[in-house]
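Numbering (the numbering used here), first residue to last: 10 to 331. Okay, so here's the structure we're looking at.
Written out as C-alpha cells, the structure reads:
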C-alpha cells in the first residue's frame, strides 16, 4: 500500500476523536469505503480519517485525484456541512485557515522580493475581497472575528492538551483564551514556585517564564506533527532519521521546561548573590538547578502546599531507595 502525506490545507480540520474513528472503521468494514479519498498533488486533501481506517484495517484505499486553485476553500466546502462542529471548533478551523493563507502570502512575498517586486501581496480567502484575514476566515466558517482571534491565541500559546480540548468541543475557545490570559497576568506581589516574594530587581527575569512555556509548547506541537507525518508516510522521512529527530525535539522541550527561572536562591535570597551561592551569582535557580540542589527537606512543605516535588520519591530525605 502506498502511504500518503496529508495536504497542509486538510489539517485545518482536527482529526476525528478515537471513538468516532472506531465507528467509522466499523462502518467501512461492514459496508466498504463508500467515498473515495481525494488527492491533490499526490497528497490527501479530503478523507484523512477514511485513510487512517484503511491503514488500521488493511483495506486498500480507493483514491481519486482532484484539482483546485484554492485548497482551503475546497476543504471547507467538503467538511463544514458534514462535521458537526460548535462555534468554538469552527473558530479553530478559521484560525488554521487564516494561518494557512497568511503563510502562503508570506511565501509569495518572498518570491516577489526575489524578483525585485516590493508591492505587498494581498491575502485572499475564498470568495472574499474585503476585510482582513481574520474577518474573512470567520465569515467563511460562520463565526465572528473575535472568535477567530481567541482561537488564534489558543493555537499560538495554548498547551497541546488545551488545543485538543477545544478541538474536541470539551472547552470553549473563549474560556481557553481567558485561561491563557489569566496565566500571563502578573500578581501584585510576584512570587517564585515556592511562594517566596521575588526581589524587584529579579522580577524582569521571572517575567520571562511564559516565554519558556510558549517555546516548550511549540516544540511539543512540532514533535507531535512530525510524529504524525512519519507515521503516515515513514518511507518519505527515512533519510532524516525521524526517531532521532523526534527524540531531539522531546529533549529540547524538556530543556525549555527545566531552564526557566523557578526559585529564588535559598542561600542568598536573591538579595546579595555571590559566586559561592547555589545560584552562582544570579540570585535565582532554574528548575533544573532546583532539582539538583540540596532541597530535599522542602518536599514535605511543597507537598502540603500542593506544589510539585523536585526530586523523585526514592531521592527524598528520610526515604529508602527502592
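Note that CB positions come from ideal geometry on N, CA and C, so glycine has one too.
Beta-carbon proximity list for residue i, same chain, < 6 angstroms, skipping 5 on both sides
i, result
"residue 238", "none"
"residue 63", "70"
"residue 74", "48"
"residue 41", "none"
"residue 161", "104"
"residue 276", "286 and 287"
"residue 228", "258, 261 and 262"
"residue 139", "Note that residue 139 scores 43 on pLDDT, short of 50, meaning its location in the model is unreliable; the coordinates nonetheless yield the value given after this. Within the same chain, residue 139 has no close Cβ partners at all."
Integer-rounded CB distance, given that residue j should sit under 8 angstroms from residue i
i, j, result
"residue 18", "residue 109", "6 angstroms"
"residue 151", "residue 211", "That belief does not hold up - the Cβ atoms of residue 151 and residue 211 are roughly 48 angstroms apart, past 8 angstroms."
"residue 157", "residue 143", "5 angstroms"
"residue 202", "residue 260", "Their Cβ separation, rounded to whole angstroms, is 22 angstroms, which puts residue 202 and residue 260 out of contact at 8 angstroms."
"residue 182", "residue 159", "5 angstroms"
"residue 38", "residue 97", "Contact flag wrong, Cβ pair sits at about 32 angstroms."
"residue 149", "residue 85", "6 angstroms"
"residue 280", "residue 208", "6 angstroms"
Residue range of the alpha helix (DSSP H) that includes residue i
i, result
"residue 202", "Note, residue 202: premise wrong, no alpha helix (DSSP H); not H, not E."
"residue 173", "169 to 176"
"residue 85", "80 to 88"
"residue 40", "27 to 40"
"residue 231", "218 to 241"
"residue 184", "182 to 193"
"residue 152", "Careful: residue 152 lies outside any alpha helix (DSSP H) and carries neither H nor E."
"residue 12", "Unbroken run through residue 12: none, as it is neither H nor E."
"residue 212", "212 to 215"
Host beta strand (DSSP E) of residue i (start-end)
i, result
"residue 335", "This structure leaves residue 335 out entirely; the chain is present only between 10 and 331."
"residue 52", "52 to 55"
"residue 267", "That residue, residue 267, is in no beta strand (DSSP E); its alpha helix (DSSP H) goes 251 to 268."
"residue 47", "46 to 49"
"residue 295", "293 to 295"
Among the options, the one whose alpha carbon lies nearest that of residue i
i, options, result
"residue 278", "155, 290, 54 and 263", "290"
"residue 274", "230, 67 and 200", "200"
"residue 53", "76, 43 and 13", "13"
"residue 93", "68, 66, 23 and 112", "23"
"residue 83", "209, 68, 95 and 56", "56"
"residue 114", "155, 79 and 258", "79"
"residue 87", "21, 96, 39 and 51", "21"
"residue 173", "91, 37, 230 and 282", "230"
"residue 16", "149, 77 and 145", "77"
"residue 147", "215, 99 and 282", "99"
"residue 145", "116, 111 and 165", "111"
"residue 102", "153, 246 and 227", "153"
"residue 68", "43, 91 and 90", "43"
Cutoff 8 angstroms; reference residue i; Cβ partners in own chain excluding five residues on either side
i, result
"residue 26", "177"
"residue 11", "none"
"residue 269", "217, 218, 221, 222, 295 and 296"
Residues near residue i in its chain [Cβ-Cβ closer than 7 angstroms; skip 5 each side]
i, result
"residue 225", "262, 265 and 266"
"residue 233", "169"
"residue 303", "Confidence at residue 303 is low in this model, with a pLDDT of 49, below 50, so its placement is unreliable and the value that follows should be read with caution. Cβ within range, chain order: n/a, list empty."
"residue 254", "235"
"residue 29", "none"
"residue 206", "198 and 200"
"residue 282", "274, 288, 290, 291 and 292"
"residue 214", "270 and 293"
"residue 186", "159, 162 and 163"
Residue i: CB within 7 angstroms of a non-hydrogen atom of the ligand NAP
i, result
"residue 44", "Because no ligand of any kind appears in the structure shown, any question about the ligand NAP cannot be addressed here."
(request) Spell out a yes or no on whether the region 46 to 57 and the region 100 to 114 are touching, meaning 3 or more CB-CB pairs, one atom from each, closer than 8 angstroms. (result) no
(request) Say whether the region 166 to 181 touches the region 239 to 246, bearing in mind that this needs 3 or more beta-carbon pairs closer than 8 angstroms, one atom from each stretch. (result) no
(request) State whether the region 21 to 38 contacts the region 52 to 68, with contact taken as three or more CB pairs (one from each stretch) at a distance under 8 angstroms. (result) yes
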